[in-house]
Amino acid sequence: MTAVEGEQVASDVYDARALQEKWQARWAKDNPFAASEDPSDDRPRSYVLDMFPYPSGDLHMGHAEAFAMGDVVARYRFQRGDNVLHPIGWDSFGLPAENAAIKRDSHPAEWTYANIETQAESFKRYGVSFDWSRRLHTSDPEYYRWNQWLFLRFFERDLAYRKDGLVNWCPKDQTVLANEQVVNGRCERCGTDVVRRSLNQWYFRITSYADRLLEDMEQLEGKWPERVLLMQRNWIGRSQGADVRFAVEGREEPVTVFTTRPDTLYGATFFVVAADAPLADELCAPEQREAFEAYRGQVAKLSDIERQSTEREKTGVFLGRYAINPVNGERIPVWAADYVLTDYGHGAIMAVPAHDQRDLDFALKFGLPVREVVDTGEGAPAETGVATAGEGTLINSGPLDGMAKSDAIPRIIEVLQERGTGTAAVNYRLRDWLLSRQRFWGTPIPIVHCPDCGEVPVPDDQLPVTLPEDLRGADLAPKGVSPLAAAEDWVNVDCPRCGGAAKRDTDTMDTFVDSSWYYLRYCSPHADTAPFDKEKVRRWGPIDQYVGGVEHAILHLLYSRFFTKVLYDMGMVEFTEPFTRLMNQGQVINQGKAMSKSLGNGVDLGAEIDAYGVDAVRLTVVFAGPPEDDIDWADVSPAASLKFLGRAFRVMAQAGAASEPGTDPAGGDLSLRKATHQALDKITAAVEEQRFNVAVARIMELVTAARKAIDGGPGAADPAVREAAEVIAITLSLVAPYAAEEGWERLGHTGSVAIGNWRTPDPALLVQEEVTAVVQVNSKVRDKLQVSPDITAEELEGRALASEKAQGFIGDKTVRKVIVRAPKLVNIVVG
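The opening position of the sequence shown corresponds to residue 1 in full-length UniProt numbering, with each subsequent residue numbered one higher.
Here's what the structure looks like:
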C-alpha cells in the first residue's frame, strides 16, 4: 500500500516510493534540519557546507555522489547532538545561462530560475539534510548588491584596479577566459581555439596576499588533502632569486629579468623576450619588423599551456638587438620566443642553455652558444643535448670558480648590488585575478567612467546596480564587447561626483567573485544592511567541513581564502582561513570513462532513483569506495543495495512489532549485544575518519547478525534484537534516510531518527574474549584457530606450526619462513 502523511505501511516489505512520499511530506512540515539561532542553545555548533551547484538542468550522478558524501558528515553531526548549519544555494550567474537565453530568445533569468526549482525539488527528493530557510541565489539583486559593495571596499584599498593586459579570448563566446578555462588551447565551453588579446580589464590584487596565502596553509596541514595544498603552493609559486638589470643597445633604460639561478649569469649567452610583450615590440629593430610581426601573429593563436609545453619544437625570431651581460660585458643577442610568457617575472629572461633544457633546445635549434658554468660531473650539454640542472661546482665564472651553488648565489647577488645591476628578489607564479567578463549574466561592475573625474564608484546608497530586464535573446549575442554596452538607457548616467554626462562600466564580474564569500552570507542570508551579520559569522564560522570536487582545488579555494583575508583585515571576520577541513569526492564514471552523450555512457540519476529508490542510490555511491575515489557505475549494483535495504528494514519492522521502546537490553543475547556494540564502535571510527564505505560495511554486518538472531536464535522479541535494530536505524540514517526514519518509527519512537540519537558503545561489550587467527601455508588458508586477542607472536606461531591441518600441507617440506601478524594471521612459507 502507498503511504501518505500520518499513515503507517503495514507490511514489513521495504517500499521505497511509498516511504519517499511519506517522509518528504513530514520533513517539509517539521523542518528538522533548521539551524537554531537561539542564544540559549548551548549545543556545539557545526557548520557543514557543500560546494553549491550551478543550475544547468536537473541533478546528475556527480551531484548524487557529492551531496551524499556531504550529507553523511552533516547527518552524523546532527546525530551527535550538534546545532548544525547545513545550507543550500545556487551559483546562478554564468555563461551557460546566457548562451541558453540566446538560443531560446529569452532572458537568462528564465532558464536559470526554472532549473533552480527543478534542482530544488530533486534535492528534497534526494533527502539531503538542508536548512531550506537559508537558501540563496547569487543572481538575486539582494545577493549581488553585496558583490558590488565588496568590490568598492576593495577599490578603496587599491585591491581592485584596471590595467591593459594580455588575456585569453574566445572568439566564439566573445569573452575573456581564465587560464583554467583554456583546455589544450581551446575554450572549455565551446571548443573554439583561444587567442591572446590586449584588453583594458579589472583585476583584484591577490598578489598582495601571496605570502599570507602560503604561510596560512600551515593551519590546513592534516585537515586538507595534501595534493590540494600542493596544488595551491604550486599555483602561487613563490621562488627566490635575483632581479638582474641588462643594458640593451639602443635603449636608455636597462631591462630587468628575474632568475632563480643568478649563479649561472656567466653562462647567459642570449636574451629572450616574450613575443607578445610590449617590450618585444619596442626592442624590435626596423629591419626585423616584418619577420617579428608575422611571428607574433602565430604566437597569438597559442595558449599559455601550449607555449610552455616541453614537447613543442622551439620557435623564435631575432629582434636585431643586443643586450650586455652585466657580469662579463658580453654582447648577447635578443630574441623573441613563445616559450617565455609575458607575465612571468618581467616578461624577459636571460638564457643559460647549458643548464636549462628549454634554453638548450632553443640554442641548438638556432645555433646559439652553449657555455657550461656548473660542473655537475655529467656530459657536456652541447654534445648530449641534455641540460645539467643539478648541483655542482662553478666553472668559467670568474670570481665564482670553485664555489658551490649555495655559496655562489649570495655572492653574485652581492656583486650585482655593488655594481648597481641587480638585487635579491622574490617572484610568484601567481598573477592578479582578472575579473572582467564581457558578458551580460553577471554582477555589473559598480564604476562610472566620467571624462572629467575618471573612475567614480557608484555610491553605496545606489546599490545594487541591477541588470536591465529588457535585453534578451539576440541582444545578448557576443559582439566583442559586453551586451550591456548596447543598453544606452542603462549605460548613460550622470557622474555621481560632478553630475556631468558619464557612462557605466559595461563589464560584469567573474562568477568566482560570487562563490568567494557565499559561505558567509549563509549565516544571515537576508541581511539588508551589510553582506553578512558579523556576530552570526563569529558564531558559526569558520566552516568546519567543506565538501566538493577536486576540480576546484586551486582557484575557487584560493579566491575564497583571499577574500577571507581581506575581510579579516577589514575587521569583518575573526578568522583568516574559511574552510577548516576539506573533503574532495571523486567522479562518477561509467565503463572506465567520464560520462558523455557522445560516448553514449551517460547514467540518468532520475531514472536510477525511479528504478531503485533514493536510499539505494545513496547507499550505492557511499559504499562504492572512499569519498575521494572515482565510482564506475558499471561496477556497482543499486539492485544489491535495494536488496540489503529490504533485509535491514525487515529487521527494524520485526523488532518493533515484537518489543517496546525502552526495553532494557541487558538481559538480551550476549553475542548479539557484543556484535552491536563492536559494530557501533567501528562505524563511529570509520565516519570520524571519513571512511564512509567501511561504515556501511559494518552496518551490513550488524544487519546479518540481527537477522541470524531473529531467524535462528532468540527471536525478534529478544531485547538484544531491539538494541541492534535501533542501532541499525540510527547509523543507517546517514546514508538511507527514508528506510531509517520509517524503521525508527516502526520501533515505536517519535521524532526524527536523524537528530541526537547517536549512541556510545559499552566498553565492557567491546572486549573480545577470542578472535579468529587464519593459518596459511604458502598464502593459502589451511586452518583457523580461536585465540586470545592478546596472544603473542611467538605463541601464535607455535600453535600454527602445531596445527594438524597445517602439518598436512607442510609434510616433508622445509619451513623457510613464518610470517606472523598477531592475533589474526600466520603464513607458513615452505619449499
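Positions of the beta carbon are idealized from the N, C-alpha and C atoms, including for glycine.
Cβ shell of G62 (< 8 Å), same chain only, five flanking positions each side left out: On the sequence shown, position 62 is the one that residue 62 refers to. Closer than 8 Å at Cβ, skipping near neighbours: G549, Q587 and V588.
D173 versus T760 - alpha carbon distance: As a first step, residue 173 must be located in the sequence shown, where it is residue number 173. As a first step, residue 760 must be located in the sequence shown, where it is residue number 760. The straight-line gap from Cα to Cα measures roughly 57 Å.
Cutoff 8 Å; reference I102; Cβ partners in own chain excluding five residues on either side: What you label residue 102 is simply residue 102 of the sequence shown in a count that begins at 1. The answer, listed in chain order, is G473, A474, L476 and A477.
Residues near L582 by beta carbon distance below 6 Å, same chain, minus five either side: By 1-based counting over the sequence shown, the position of residue 582 is 582. Hits under 6 Å: W224 and Y546.
Spatial neighbours of D629 in its chain, beta-carbon cut-off 8 Å, leaving aside the 5 residues before and after: Indexing the sequence shown from 1 puts residue 629 at position 629. Result list for D629: G586, in chain order.
Straight-line Cα distance separating S397 from S208: Translated into positions along the sequence shown, residue 208 becomes position 208. Translated into positions along the sequence shown, residue 397 becomes position 397. Their backbone Cα atoms lie some 36 Å apart in a straight line.
Nearest-angstrom beta carbon gap, D91 and Y54 [assumed within contact, 8 Å]: Residue numbering aside, residue 54 sits at position 54 when the sequence shown is read from its first letter. Residue numbering aside, residue 91 sits at position 91 when the sequence shown is read from its first letter. That belief holds up - the Cβ atoms of Y54 and D91 are roughly 5 Å apart, short of 8 Å.
Where M1 falls: helix, strand or coil (DSSP): The count along the sequence shown starts at 1 and reaches residue 1 at position 1. The predicted model places M1 with a pLDDT of 31, which falls under 50 and marks its position as unreliable, so this point remains unresolved.
Spatial distance of R125 from V617 (CA atoms): Taking the sequence shown and counting its residues from 1, one reaches residue 125 at position 125. Taking the sequence shown and counting its residues from 1, one reaches residue 617 at position 617. C-alpha separation (whole angstroms): 12 Å.
Inter-residue spacing [alpha-carbon to alpha-carbon] between R80 and Y519: Position 80 of the sequence shown holds residue 80. Position 519 of the sequence shown holds residue 519. Distance between the alpha carbons of R80 and Y519: 23 Å.
Segment limits, alpha helix (DSSP H) that includes G606: Numbered from its first residue, the sequence shown carries residue 606 at position 606. G606 -> alpha helix (DSSP H) spans L605 to Y612.
Nearest neighbour of P96, chosen from A66, L765 and T511 [CA to CA]: Numbered from its first residue, the sequence shown carries residue 96 at position 96. Nearest to P96 by alpha-carbon distance, out of A66, L765 and T511, is T511.
Spatial neighbours of P468 in its chain, beta-carbon cut-off 6 Å, leaving aside the 5 residues before and after: Counting from 1 along the sequence shown, the entry for residue 468 is found at position 468. For P468, where only same-chain residues beyond five positions count, the Cβ hits under 6 Å are A487 and W490.
Every unbroken alpha helix (DSSP H) within the segment 206-243, with a cutoff of 4 residues, ordered by chain: 210-215 and 226-236
Host beta strand (DSSP E) of R45 (start-end): As a first step, residue 45 must be located in the sequence shown, where it is residue number 45. Note, R45: beta strand (DSSP E), R45 to D50.
Reference E252, options F270, L283, S239 and P262, closest by Cα: For the purposes of this step, residue 252 is taken as the residue at position 252 of the sequence shown. Here the closest residue by C-alpha is L283.
P451 burial status per 10 Å Cβ neighbour count (16 or more: buried): The residue given as residue 451 occupies position 451 in the sequence shown. Exposed, because fewer than 16 other Cβ atoms sit within 10 Å of the Cβ of P451.
Alpha carbon of M700 to alpha carbon of G646, nearest angstrom: As a working mapping, residue 700 is identified with position 700 in the sequence shown. As a working mapping, residue 646 is identified with position 646 in the sequence shown. Approximately 12 Å, taken between the alpha carbons.
Residues bridged to P444 [DSSP beta-bridge criterion]: As a working mapping, residue 444 is identified with position 444 in the sequence shown. Partner(s): T508.
Residue interval of the beta strand (DSSP E) (run including E455): By 1-based counting over the sequence shown, the position of residue 455 is 455. Note, E455: beta strand (DSSP E), G454 to P457.
Exposed unless 16 or more other CB atoms sit within 10 angstroms - verdict on L642: Stepping through the sequence shown from its first residue, residue 642 is reached at position 642. By the neighbour-count criterion, in which 16 or more other beta carbons inside 10 Å mark a residue as buried, L642 falls on the buried side.
Exposure of I413, with buried meaning 16 or more beta-carbon neighbours within 10 Å: For this step, residue 413 is matched to residue 413 along the sequence shown. Answer is buried; the Cβ neighbour count reaches 16.
Given 8 Å, three or more beta-carbon pairs between the segment 242-262 and the segment 414-422: yes
Among D50, D105 and V273, nearest to S129 - alpha-carbon criterion: Here residue 129 is taken as the residue at index 129 of the sequence shown, counted from 1. Ranking D50, D105 and V273 by Cα distance to S129 puts D50 first.
Buried/exposed call for N234, threshold 16 Cβ in 10 Å: Stepping through the sequence shown from its first residue, residue 234 is reached at position 234. The residue in question, N234, is exposed, as its Cβ has fewer than 16 Cβ neighbours within 10 Å.
Delimiting residues of the beta strand (DSSP E) encompassing T256: Within the sequence shown, numbered from 1, the residue matching residue 256 stands at position 256. Element bounds for T256: V255 to T259.
Residue-level contact to chain C via CB, E608, 7 Å cutoff: You won't find chain C in this structure, because it holds only one protein chain.
Rounded straight-line distance, which links the Cα of K163 to that of V317: What you label residue 317 is simply residue 317 of the sequence shown in a count that begins at 1. What you label residue 163 is simply residue 163 of the sequence shown in a count that begins at 1. Roughly 28 Å separates the two Cα atoms.
Assumed close pair V818, V826 - CB separation to whole angstroms, cut-off 8 Å: Indexing the sequence shown from 1 puts residue 818 at position 818. Indexing the sequence shown from 1 puts residue 826 at position 826. Indeed they touch by this definition, with Cβ atoms about 7 Å apart.
Reduced DSSP category for F204 - H, G, I as helix; E, B as strand; rest coil: Within the sequence shown, residue 204 is the residue found at index 204, counting from 1. Strand.
Opposing strand residues paired with P333 [DSSP bridges]: Here residue 333 refers to the residue found at position 333 of the sequence shown. Partner(s): Y322.
First through last residue of the alpha helix (DSSP H) which encompasses Q591: Taking the sequence shown and counting its residues from 1, the one referred to as residue 591 is at position 591. Unbroken run through Q591: none, as it is neither H nor E.
Which residues DSSP lists as bridging D375, in chain order: Mapped onto the sequence shown, residue 375 falls at position 375. Answer by DSSP bridge pairing, in chain order: T393.
Nearest candidate by alpha-carbon position, reference W169, set N200, E156, P141 and G808: In the sequence shown, counting from the first residue as 1, residue 169 sits at position 169. From the listed residues N200, E156, P141 and G808, the smallest Cα separation to W169 is found for N200.
Cutoff 6 Å; reference M217; Cβ partners in own chain excluding five residues on either side: Translated into positions along the sequence shown, residue 217 becomes position 217. Same-chain partners within the cutoff: L229.
Three-way DSSP call (helix, strand, coil) for N115 in this model: Here the question's residue 115 lines up with position 115 in the sequence shown. Reduced to three states, the DSSP call for N115 is helix.
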